[in-house]
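Scroll down for the structure; my scribbles are underneath it.
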Amino acid sequence: MRSASAFSALVDALQRGQNADALRISAELLRAGPQSNKVWTLRAVALEQSGQPKEALAAYQRAIKLAPDYLPALEGAAQLNYKGQSAQAAPLLRHIISLQPVNPTAHAMLGVLEYRHSDYGKAAQDFAAAEQVLDSQPSALMAYSICLARLNRNSEAMVHFQQLLAAR
Numbered sequence: 154m155r156s157a158s159a160f161s162a163l164v165d166a167l168q169r170g171q172n173a174d175a176l177r178i179s180a181e182l183l184r185a186g187p188q189s190n191k192v193w194t195l196r197a198v199a200l201e202q203s204g205q206p207k208e209a210l211a212a213y214q215r216a217i218k219l220a221p222d223y224l225p226a227l228e229g230a231a232q233l234n235y236k237g238q239s240a241q242a243a244p245l246l247r248h249i250i251s252l253q254p255v256n257p258t259a260h261a262m263l264g265v266l267e268y269r270h271s272d273y274g275k276a277a278q279d280f281a282a283a284e285q286v287l288d289s290q291p292s293a294l295m296a297y298s299i300c301l302a303r304l305n306r307n308s309e310a311m312v313h314f315q316q317l318l319a320a321r
C-alpha cells in the first residue's frame, strides 16, 4: 500500500471507529517512516479509543517530540494528562495557549488546574478567556465564581453564581 493511500485508509478506519485496523495501518506506516508526527497522533487517537491511555500518551509524546507545535498532538496529550490529573497537563495547556491564544477550552482546563492550586488570580484570567464555554461546564463556572469571590470581585462572582442557579 502506498504511503498516501495508507494514510487515507488510516484516517478512514478512525472515522469508522475501526481502531484495530487503524492500529495495524499506523504500525505499517511507522515501520516505513517512523518520523511522521501525524501518523503518531492518529495512532494515539486509535489507542485512546481502544482504552489504552498510557500507550496513547506515549504516542502523543512521540508526535510532540517530532513536531513540538503540532496542535492535535498537544491537545490530545493535554486532554489525557488532564483526565489523569497529571502535572504535565499545565505546561501542555500553556504551550497550546502560546500557539493559539484564543483557545477557550485550553483556558478553561488551565483555569481549573490553577484553581485547584489556589492560584485564583491566574485562574480568573484563564476562566475569563474561556467564558464562552463555561456555560456548558458548571464545575468550571463554579470554580470561576469562587476565584472571583476570593479576589473580592464579589459583584462579578454573583453574576456567575446566578448563572449557575439559573442553569439548575
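Residue 154 is where the sequence shown starts when you use the numbering used here, and the numbers rise one by one after that.
We treat Cβ as the ideally placed atom computed from N, Cα and C, and that holds for glycine.
Fair warning: this is a prediction, and the values are worked out from it, not measured in the lab.
Please list the terminal residues of the continuous alpha helix (DSSP H) segment that includes residue i.
i	result
Arg-196	190-202
Asp-174	172-185
Gln-316	307-320
Gln-241	Unbroken run through Gln-241: none, as it is neither H nor E.
Pro-221	No alpha helix (DSSP H) contains Pro-221, which DSSP labels as neither H nor E.
Ala-159	156-168
Ala-293	291-303
Gln-285	284-287
Whole angstroms is fine: what's the gap from residue i's alpha carbon to residue j's?
i	j	result
Pro-225	Gly-237	18 Å
Ala-281	Asp-165	38 Å
Asp-288	Ile-217	31 Å
Ala-180	Ser-298	47 Å
Gln-315	Asp-174	49 Å
Trp-193	Gln-171	17 Å
Pro-187	Pro-206	21 Å
Gln-103	Ala-230	Outside the displayed span of the chain (154 to 321) sits residue 103, for which this structure offers no information.
Pro-221	Ala-319	42 Å
Met-295	Leu-317	7 Å
Leu-246	Ser-156	32 Å
Gly-204	Ala-212	14 Å
Val-198	Lys-191	11 Å
Gln-202	Leu-183	19 Å
Ser-271	Leu-301	12 Å
Ser-292	Pro-244	22 Å
Ala-259	Ile-250	7 Å
Met-262	Arg-303	19 Å
His-313	His-248	28 Å
Take the Cβ of residue i as the centre, count every other Cβ of all protein chains shown within 10 Å, and call the residue buried at 16 or more, exposed below.
i	result
Ala-240	exposed
Arg-269	exposed
Arg-321	exposed
Asn-307	exposed
Arg-196	buried
Met-311	exposed
Gln-232	buried
Ala-185	exposed
Val-265	buried
Ser-158	exposed
Note to self: To test your reading of the DSSP string, which unbroken alpha helix (DSSP H) runs of 4 or more residues are found completely within the segment 244-281?
What the structure shows: Correct list: 257-269.
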